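Residue numbers (the numbering used here): 1304 to 1422. Heads up, the beta-carbon is just placed ideally off N, CA and C, and yes, glycines get one too. Computed from a predicted model, the values in this text were never measured in an experiment. This report concerns only the one structure given below.
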Amino acid sequence: MTTKEIADRLIELCNKGDFETAQSELFADDAISVEPYSTAEFEKETKGIEAIKEKGEKWNNMVSAIHNMQVSDAIVATSSFACTLRMHVTMKERGEMDMTELCVYKVKDGKIIEERFFM
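So this is what it looks like as structure tokens:
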């Protein structure tokens, strides 16, 4: 898959809330996920697709409701792309939150090898 095809497929799946399929289908086994900063819940850097999936499950367990989620169209370069993810959610411990992240992805050999989030 080209970088644009990966970006389009990721956005399609994320807009459906199907992050697990996106990870299984589009991410390399040794992919890295980088958060803006470490928190009590999440390390700054997560290595490997299985650990990334576990991080996603942990996130899902923290959310009591997703009210709205939108992923922008991608800006695509040769081996990277970026999009924004806006979520309006209710967290079990923190209540309602409206947040927007810039999501930047690196692609190599037809797979996402890194995702990096900026608030």
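{"Item": "Have a look at T1305 and C1317 and give me their C-alpha separation to the nearest angstrom.", "Value": "18 Å"}
{"Item": "Alpha carbon to alpha carbon, how far is T1393 from E1417?", "Value": "27 Å"}
{"Item": "Buried or exposed for Y1340, going by 16 or more other Cβ atoms inside 10 Å?", "Value": "exposed"}
{"Item": "Mind listing, in chain order, the continuous alpha helix (DSSP H) runs of no fewer than 4 residues lying wholly within the stretch 1346-1380?", "Value": "1352-1365"}
{"Item": "Check this for me: beta carbons of K1409 and S1375, under 9 Å apart or not?", "Value": "no"}
{"Item": "Closest by CA to R1389, which one among I1378, T1403 and G1398?", "Value": "T1403"}
{"Item": "Return the chain-ordered list of same chain residues with a C-beta closer than 8 Å to the C-beta of V1425, the five sequence neighbours on each side being excluded.", "Value": "The displayed coordinates of the chain run from 1304 to 1422. Any statement about residue 1425 would go beyond what the structure contains."}
{"Item": "Indicate the three-state DSSP secondary structure (helix, strand or coil) for D1401 in the structure shown.", "Value": "strand"}
{"Item": "Relative to the alpha-carbon of M1372, which residue among V1407, N1364, K1319 and E1308 has its alpha-carbon at the smallest distance?", "Value": "K1319"}
{"Item": "Using a threshold of 9 Å, state whether the C-beta atoms of E1323 and K1356 are closer than that.", "Value": "yes"}
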